[in-house]
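One structure below.
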Amino acid sequence: MQVIATIDWWTIGGYGIAIVLCAVLIVPILLGIFYTKEFQRLFESALPLQAELVEPAPDDDPVELTTSTGRRLVGSLFRHRGGERHGLIIFCHEFTGNRWMFQPYVDFMRDDGFDVFSFDFSNHGQSDAIDGYQPLQWVTEHEVADVETAIEYVTSRQIAAYDEIGLFGVSKGGGAAIVAAARNPRIQAVITDGAFPTHSIVTIYVERWVHLVVAFGGFLRMLPQWVHAGITRMELLRIQRRRHCRYPHVESSFRVLTRRPWFLIHGNRDNYVRTEVIEAIFNGNGQPEQFWKVSGAKHNQSIQVAQQEYHDKVRSFFLTHLNPSNS
10 MQVIATIDWW
20 TIGGYGIAIV
30 LCAVLIVPIL
40 LGIFYTKEFQ
50 RLFESALPLQ
60 AELVEPAPDD
70 DPVELTTSTG
80 RRLVGSLFRH
90 RGGERHGLII
100 FCHEFTGNRW
110 MFQPYVDFMR
120 DDGFDVFSFD
130 FSNHGQSDAI
140 DGYQPLQWVT
150 EHEVADVETA
160 IEYVTSRQIA
170 AYDEIGLFGV
180 SKGGGAAIVA
190 AARNPRIQAV
200 ITDGAFPTHS
210 IVTIYVERWV
220 HLVVAFGGFL
230 RMLPQWVHAG
240 ITRMELLRIQ
250 RRRHCRYPHV
260 ESSFRVLTRR
270 PWFLIHGNRD
280 NYVRTEVIEA
290 IFNGNGQPEQ
300 FWKVSGAKHN
310 QSIQVAQQEY
320 HDKVRSFFLT
330 HLNPSNS
(Lines of atoms letter the chains of each structure in order from A and count residues from 1; the text may use other names and numbers.)
(Lines give C-alpha, C1' and ligand atoms only; values in the text may rest on other atoms or scores of the structure.)
Protein backbone atom coordinates (compact mmCIF):
# COMPACT_ATOMS: atom_id res chain seq x y z
CA MET A 1 0.00 0.00 0.00
CA GLN A 2 2.84 2.36 0.84
CA VAL A 3 4.44 1.69 -2.54
CA ILE A 4 1.15 2.37 -4.37
CA ALA A 5 0.62 5.60 -2.45
CA THR A 6 4.14 6.72 -3.27
CA ILE A 7 3.59 5.95 -6.94
CA ASP A 8 0.29 7.87 -6.92
CA TRP A 9 1.94 10.95 -5.46
CA TRP A 10 4.74 10.75 -8.02
CA THR A 11 2.14 10.36 -10.76
CA ILE A 12 0.13 13.34 -9.52
CA GLY A 13 3.28 15.41 -9.18
CA GLY A 14 4.35 14.45 -12.67
CA TYR A 15 1.01 15.48 -14.10
CA GLY A 16 1.23 18.78 -12.23
CA ILE A 17 4.66 19.54 -13.63
CA ALA A 18 3.50 18.58 -17.11
CA ILE A 19 0.52 20.91 -16.86
CA VAL A 20 2.72 23.80 -15.74
CA LEU A 21 5.22 23.18 -18.54
CA CYS A 22 2.44 22.96 -21.10
CA ALA A 23 1.01 26.24 -19.86
CA VAL A 24 4.40 27.93 -20.08
CA LEU A 25 4.95 26.67 -23.61
CA ILE A 26 1.45 26.79 -25.03
CA VAL A 27 0.13 30.08 -23.61
CA PRO A 28 2.57 32.25 -25.60
CA ILE A 29 1.68 30.30 -28.75
CA LEU A 30 -2.04 30.76 -28.14
CA LEU A 31 -1.51 34.43 -27.46
CA GLY A 32 0.32 34.79 -30.74
CA ILE A 33 -2.42 32.95 -32.63
CA PHE A 34 -5.32 34.87 -31.12
CA TYR A 35 -4.03 38.41 -31.11
CA THR A 36 -1.34 38.59 -33.74
CA LYS A 37 -3.66 40.65 -35.91
CA GLU A 38 -4.70 42.94 -33.06
CA PHE A 39 -1.10 43.33 -31.90
CA GLN A 40 -0.11 44.37 -35.39
CA ARG A 41 -2.97 46.85 -35.62
CA LEU A 42 -2.08 48.36 -32.24
CA PHE A 43 1.63 48.53 -32.98
CA GLU A 44 1.18 50.07 -36.41
CA SER A 45 -1.27 52.73 -35.27
CA ALA A 46 0.59 56.03 -35.35
CA LEU A 47 0.16 58.22 -32.29
CA PRO A 48 -2.20 61.16 -32.92
CA LEU A 49 0.73 63.53 -32.87
CA GLN A 50 2.17 65.61 -35.66
CA ALA A 51 5.39 67.55 -35.36
CA GLU A 52 4.89 71.31 -35.43
CA LEU A 53 7.20 72.21 -38.28
CA VAL A 54 9.13 75.48 -38.25
CA GLU A 55 10.41 77.68 -41.05
CA PRO A 56 13.85 76.86 -42.51
CA ALA A 57 16.69 78.53 -40.68
CA PRO A 58 17.76 81.73 -42.50
CA ASP A 59 21.40 80.65 -42.62
CA ASP A 60 20.64 77.10 -43.75
CA ASP A 61 23.40 75.69 -45.97
CA PRO A 62 22.50 72.07 -46.77
CA VAL A 63 25.08 69.33 -47.17
CA GLU A 64 24.73 65.70 -48.23
CA LEU A 65 25.77 62.70 -46.16
CA THR A 66 26.01 59.10 -47.31
CA THR A 67 25.12 56.20 -45.03
CA SER A 68 27.05 52.93 -44.97
CA THR A 69 24.36 51.46 -47.24
CA GLY A 70 24.61 54.27 -49.78
CA ARG A 71 21.54 56.25 -48.78
CA ARG A 72 21.62 60.04 -49.05
CA LEU A 73 20.84 62.16 -46.01
CA VAL A 74 20.57 65.94 -46.03
CA GLY A 75 21.92 67.94 -43.12
CA SER A 76 22.96 71.47 -42.23
CA LEU A 77 25.82 72.86 -40.18
CA PHE A 78 25.08 76.01 -38.21
CA ARG A 79 28.17 77.72 -36.80
CA HIS A 80 28.28 79.39 -33.41
CA ARG A 81 27.51 83.10 -33.45
CA GLY A 82 29.93 84.50 -30.96
CA GLY A 83 32.34 83.96 -28.13
CA GLU A 84 34.71 81.07 -27.58
CA ARG A 85 33.74 77.85 -29.34
CA HIS A 86 32.80 75.09 -26.89
CA GLY A 87 31.68 72.17 -29.04
CA LEU A 88 29.06 70.82 -31.41
CA ILE A 89 25.52 69.57 -30.83
CA ILE A 90 24.02 67.01 -33.21
CA PHE A 91 20.25 67.44 -33.22
CA CYS A 92 17.94 64.45 -33.86
CA HIS A 93 14.39 65.51 -34.67
CA GLU A 94 11.15 63.80 -33.74
CA PHE A 95 8.94 61.56 -35.89
CA THR A 96 7.41 63.52 -38.85
CA GLY A 97 9.82 66.38 -38.15
CA ASN A 98 12.79 67.77 -40.07
CA ARG A 99 16.24 69.23 -39.48
CA TRP A 100 14.99 72.80 -38.98
CA MET A 101 13.28 71.79 -35.76
CA PHE A 102 16.55 72.31 -33.90
CA GLN A 103 15.71 76.01 -33.64
CA PRO A 104 13.44 76.14 -30.56
CA TYR A 105 15.55 73.52 -28.78
CA VAL A 106 19.21 74.45 -29.30
CA ASP A 107 19.59 77.43 -31.65
CA PHE A 108 20.16 79.66 -28.61
CA MET A 109 23.25 77.58 -27.81
CA ARG A 110 24.99 79.09 -30.82
CA ASP A 111 25.26 82.32 -28.83
CA ASP A 112 27.09 80.34 -26.15
CA GLY A 113 29.78 79.07 -28.52
CA PHE A 114 28.22 75.86 -29.83
CA ASP A 115 27.93 74.76 -33.44
CA VAL A 116 24.81 72.77 -34.31
CA PHE A 117 24.55 70.01 -36.89
CA SER A 118 21.00 68.96 -37.74
CA PHE A 119 19.86 66.44 -40.36
CA ASP A 120 16.73 64.93 -41.85
CA PHE A 121 16.20 61.30 -40.89
CA SER A 122 15.58 58.84 -43.72
CA ASN A 123 12.04 59.16 -45.13
CA HIS A 124 11.87 62.69 -43.70
CA GLY A 125 12.52 66.14 -45.10
CA GLN A 126 14.94 66.09 -48.04
CA SER A 127 16.67 62.80 -47.18
CA ASP A 128 16.17 59.67 -49.27
CA ALA A 129 13.41 57.21 -48.48
CA ILE A 130 14.23 53.56 -47.80
CA ASP A 131 12.60 51.09 -50.17
CA GLY A 132 9.88 49.07 -48.45
CA TYR A 133 10.20 50.93 -45.15
CA GLN A 134 7.39 53.07 -43.78
CA PRO A 135 8.50 54.71 -40.52
CA LEU A 136 6.35 54.77 -37.41
CA GLN A 137 6.97 56.37 -34.01
CA TRP A 138 9.15 53.40 -32.96
CA VAL A 139 12.95 53.61 -33.22
CA THR A 140 14.55 51.24 -35.72
CA GLU A 141 18.11 50.51 -36.75
CA HIS A 142 17.55 52.77 -39.76
CA GLU A 143 17.32 55.85 -37.53
CA VAL A 144 20.24 54.71 -35.38
CA ALA A 145 22.33 54.33 -38.54
CA ASP A 146 21.35 57.87 -39.56
CA VAL A 147 22.64 59.25 -36.24
CA GLU A 148 25.86 57.26 -36.63
CA THR A 149 26.24 58.69 -40.14
CA ALA A 150 25.93 62.23 -38.77
CA ILE A 151 28.56 61.50 -36.12
CA GLU A 152 30.91 60.06 -38.74
CA TYR A 153 30.35 63.06 -41.01
CA VAL A 154 31.32 65.73 -38.48
CA THR A 155 34.31 63.78 -37.15
CA SER A 156 35.74 62.63 -40.49
CA ARG A 157 35.63 66.18 -41.83
CA GLN A 158 37.20 67.50 -38.63
CA ILE A 159 34.19 69.71 -37.97
CA ALA A 160 34.33 68.49 -34.38
CA ALA A 161 36.38 66.11 -32.28
CA TYR A 162 34.66 63.42 -30.26
CA ASP A 163 35.33 65.22 -26.97
CA GLU A 164 33.32 68.16 -28.32
CA ILE A 165 30.22 66.28 -29.52
CA GLY A 166 26.90 66.11 -27.71
CA LEU A 167 23.65 64.60 -28.95
CA PHE A 168 20.22 66.15 -28.48
CA GLY A 169 17.20 64.06 -29.47
CA VAL A 170 13.45 64.59 -29.22
CA SER A 171 10.99 61.70 -28.85
CA LYS A 172 11.86 59.08 -31.50
CA GLY A 173 15.00 61.05 -32.31
CA GLY A 174 15.91 60.82 -28.63
CA GLY A 175 15.61 57.05 -28.72
CA ALA A 176 17.88 56.87 -31.76
CA ALA A 177 20.39 59.17 -30.04
CA ILE A 178 20.38 56.98 -26.92
CA VAL A 179 21.13 53.80 -28.86
CA ALA A 180 23.83 55.47 -30.97
CA ALA A 181 25.51 57.00 -27.92
CA ALA A 182 25.36 53.75 -25.95
CA ARG A 183 27.25 52.05 -28.78
CA ASN A 184 29.82 54.83 -29.08
CA PRO A 185 31.54 55.56 -25.75
CA ARG A 186 33.34 58.55 -27.28
CA ILE A 187 30.14 60.60 -27.32
CA GLN A 188 30.55 63.00 -24.41
CA ALA A 189 27.02 64.04 -23.47
CA VAL A 190 23.41 63.31 -24.39
CA ILE A 191 20.16 65.20 -23.82
CA THR A 192 16.83 63.59 -24.67
CA ASP A 193 13.31 64.97 -24.43
CA GLY A 194 10.40 62.53 -24.48
CA ALA A 195 12.50 59.51 -25.50
CA PHE A 196 10.85 56.15 -24.93
CA PRO A 197 11.71 52.42 -25.08
CA THR A 198 9.82 50.34 -27.64
CA HIS A 199 9.58 46.98 -25.87
CA SER A 200 8.41 48.34 -22.52
CA ILE A 201 5.78 50.63 -24.02
CA VAL A 202 4.38 47.97 -26.34
CA THR A 203 4.28 45.40 -23.52
CA ILE A 204 2.25 47.83 -21.40
CA TYR A 205 -0.16 48.39 -24.29
CA VAL A 206 -0.58 44.62 -24.61
CA GLU A 207 -1.25 44.14 -20.90
CA ARG A 208 -3.70 47.03 -20.85
CA TRP A 209 -5.76 46.22 -23.96
CA VAL A 210 -5.52 42.47 -24.55
CA HIS A 211 -8.73 41.75 -22.61
CA LEU A 212 -10.69 44.01 -24.96
CA VAL A 213 -9.61 42.48 -28.26
CA VAL A 214 -8.91 38.78 -27.65
CA ALA A 215 -11.13 35.85 -26.75
CA PHE A 216 -10.74 34.86 -23.08
CA GLY A 217 -8.74 38.08 -22.72
CA GLY A 218 -9.69 38.38 -19.05
CA PHE A 219 -7.62 35.28 -18.33
CA LEU A 220 -4.76 36.51 -20.48
CA ARG A 221 -4.67 39.77 -18.58
CA MET A 222 -3.93 37.86 -15.37
CA LEU A 223 -0.77 36.32 -16.80
CA PRO A 224 2.56 37.59 -15.41
CA GLN A 225 4.30 40.48 -17.09
CA TRP A 226 7.12 38.31 -18.43
CA VAL A 227 4.64 36.38 -20.58
CA HIS A 228 3.44 39.58 -22.23
CA ALA A 229 7.05 40.72 -22.63
CA GLY A 230 7.86 37.44 -24.37
CA ILE A 231 4.92 37.87 -26.72
CA THR A 232 6.06 41.40 -27.49
CA ARG A 233 9.51 40.15 -28.47
CA MET A 234 8.01 37.38 -30.62
CA GLU A 235 5.62 39.74 -32.38
CA LEU A 236 8.26 42.40 -33.00
CA LEU A 237 10.50 39.82 -34.65
CA ARG A 238 7.67 38.94 -36.99
CA ILE A 239 6.65 42.54 -37.69
CA GLN A 240 10.16 43.78 -38.38
CA ARG A 241 10.61 41.21 -41.13
CA ARG A 242 7.44 42.41 -42.79
CA ARG A 243 8.27 46.12 -42.35
CA HIS A 244 11.90 45.79 -43.53
CA CYS A 245 13.49 47.07 -40.34
CA ARG A 246 14.90 45.97 -36.99
CA TYR A 247 13.86 47.29 -33.58
CA PRO A 248 16.79 47.77 -31.18
CA HIS A 249 16.31 46.98 -27.50
CA VAL A 250 16.32 50.61 -26.36
CA GLU A 251 15.99 49.64 -22.69
CA SER A 252 19.52 48.19 -22.70
CA SER A 253 20.88 51.45 -24.07
CA PHE A 254 18.98 53.39 -21.39
CA ARG A 255 20.91 51.47 -18.73
CA VAL A 256 24.26 51.94 -20.48
CA LEU A 257 23.80 55.71 -20.54
CA THR A 258 23.29 55.88 -16.78
CA ARG A 259 27.09 55.58 -16.59
CA ARG A 260 27.59 58.57 -18.89
CA PRO A 261 26.57 62.26 -18.86
CA TRP A 262 22.88 62.08 -19.78
CA PHE A 263 20.15 64.63 -19.16
CA LEU A 264 16.70 63.03 -19.52
CA ILE A 265 13.73 65.38 -19.90
CA HIS A 266 10.18 64.08 -19.64
CA GLY A 267 6.79 65.72 -19.20
CA ASN A 268 5.04 64.47 -16.07
CA ARG A 269 1.68 64.63 -17.90
CA ASP A 270 2.86 62.56 -20.85
CA ASN A 271 -0.05 60.16 -21.39
CA TYR A 272 1.74 58.21 -24.12
CA VAL A 273 4.91 57.49 -22.15
CA ARG A 274 4.25 57.83 -18.44
CA THR A 275 7.18 58.80 -16.23
CA GLU A 276 6.76 55.68 -14.08
CA VAL A 277 7.43 53.55 -17.16
CA ILE A 278 10.74 55.32 -17.67
CA GLU A 279 11.62 55.00 -13.99
CA ALA A 280 10.85 51.27 -14.02
CA ILE A 281 13.46 50.67 -16.72
CA PHE A 282 16.27 51.66 -14.38
CA ASN A 283 14.89 49.62 -11.46
CA GLY A 284 17.80 50.34 -9.16
CA ASN A 285 20.41 50.05 -11.94
CA GLY A 286 21.47 53.67 -11.80
CA GLN A 287 19.80 56.85 -13.00
CA PRO A 288 20.58 59.48 -15.62
CA GLU A 289 22.88 62.19 -14.34
CA GLN A 290 19.85 64.50 -14.51
CA PHE A 291 16.20 63.46 -14.76
CA TRP A 292 13.88 66.43 -15.09
CA LYS A 293 10.16 65.68 -14.87
CA VAL A 294 8.60 68.83 -16.26
CA SER A 295 5.49 69.72 -14.30
CA GLY A 296 2.37 70.11 -16.43
CA ALA A 297 4.03 69.06 -19.70
CA LYS A 298 2.56 66.51 -22.08
CA HIS A 299 4.52 64.58 -24.70
CA ASN A 300 7.02 66.84 -26.49
CA GLN A 301 5.63 69.94 -24.78
CA SER A 302 8.24 70.56 -22.10
CA ILE A 303 9.87 73.33 -24.14
CA GLN A 304 6.55 75.19 -24.40
CA VAL A 305 5.68 74.77 -20.73
CA ALA A 306 8.98 75.93 -19.24
CA GLN A 307 11.06 77.47 -22.01
CA GLN A 308 13.40 79.63 -19.95
CA GLU A 309 14.15 76.93 -17.39
CA TYR A 310 14.52 74.45 -20.25
CA HIS A 311 17.13 76.62 -21.96
CA ASP A 312 18.95 77.30 -18.71
CA LYS A 313 19.25 73.59 -17.89
CA VAL A 314 20.34 72.65 -21.42
CA ARG A 315 22.95 75.42 -21.44
CA SER A 316 24.34 74.39 -18.06
CA PHE A 317 24.55 70.71 -19.00
CA PHE A 318 26.36 71.21 -22.29
CA LEU A 319 28.70 73.88 -20.92
CA THR A 320 29.67 71.45 -18.18
CA HIS A 321 30.31 68.44 -20.41
CA LEU A 322 31.31 69.90 -23.78
CA ASN A 323 33.71 72.64 -22.79
CA PRO A 324 37.20 71.56 -23.93
CA SER A 325 38.80 74.23 -21.75
CA ASN A 326 37.50 72.32 -18.71
CA SER A 327 38.98 69.02 -19.91
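Here this note's numbering is used: position 317 in the sequence shown is 326, and no number is missing along the way.
Glycine residues also receive a C-beta, built at the ideal position from the N, C-alpha and C atoms.
**Prompt:** Where does Asp202 fall in DSSP's three states?
**Reply:** Here Asp202 carries a strand assignment [DSSP, helix/strand/coil].
**Prompt:** Does DSSP classify Gln299 as helix, strand or coil?
**Reply:** If DSSP states are grouped into helix, strand and coil, Gln299 belongs with the strands.
**Prompt:** Sorted by chain position, which residues of the same chain lie with C-beta nearer than 7 Å to His258's C-beta, five sequence neighbours on each side aside?
**Reply:** For His258, where only same-chain residues beyond five positions count, the Cβ hits under 7 Å are His208.
**Asked** Can you tell me the Cα-Cα spacing of His308 and Ile26, whole angstroms?
**Response** The alpha-carbon atoms of His308 and Ile26 are separated by roughly 46 Å.
**Item:** Endpoints, alpha helix (DSSP H) assigned at Val286
**Value:** 284 to 291 is the extent of the alpha helix (DSSP H) around Val286.
**Message:** I'd like the span of the beta strand (DSSP E) that includes Thr75, first residue to last.
**Reply:** Run containing Thr75: 71 to 75, per the beta strand (DSSP E) assignment.
**Request:** Using DSSP bridges, identify the partner residues of Ser85.
**Result:** Answer is Pro71, Ser127.
**Message:** Quick check: what's the CA-CA separation for Tyr142 versus Gln317?
**Reply:** Taking the straight line from one Cα to the other gives about 38 Å.
**Separation of Gly96 from Met118, as counted between CA atoms** = Spanning the two alpha carbons is a distance of roughly 10 Å.
**Message:** Tell me the residue span of the beta strand (DSSP E) that contains Ile196.
**Reply:** For Ile196, no beta strand (DSSP E) segment is defined, and its DSSP state is neither H nor E.
**Request:** Go ahead and pull the three-state DSSP assignment for Phe100.
**Result:** Taken through DSSP and simplified to helix, strand or coil, Phe100 comes out as strand.
**Request:** Determine the closest residue to Asn107 out of Val188, Arg90, Gln135, with distance taken between C-alpha atoms.
**Result:** Cα-wise, what sits closest to Asn107 is Gln135.
**Cβ contact (3+ pairs, closer than 8 Å) linking the segment 124 to 138 and the segment 197 to 204** = Counting Cβ pairs under 8 Å, fewer than three are found: no touch.
**Message:** Given this structure, state the Cα-to-Cα distance separating Gln112 from Ser85, to the nearest angstrom.
**Reply:** Going by the C-alpha atoms only, they are around 12 Å apart.
**Message:** Just verifying my parser: in three-state terms, what is the DSSP assignment at Leu328?
**Reply:** Three-state result, Leu328: helix.
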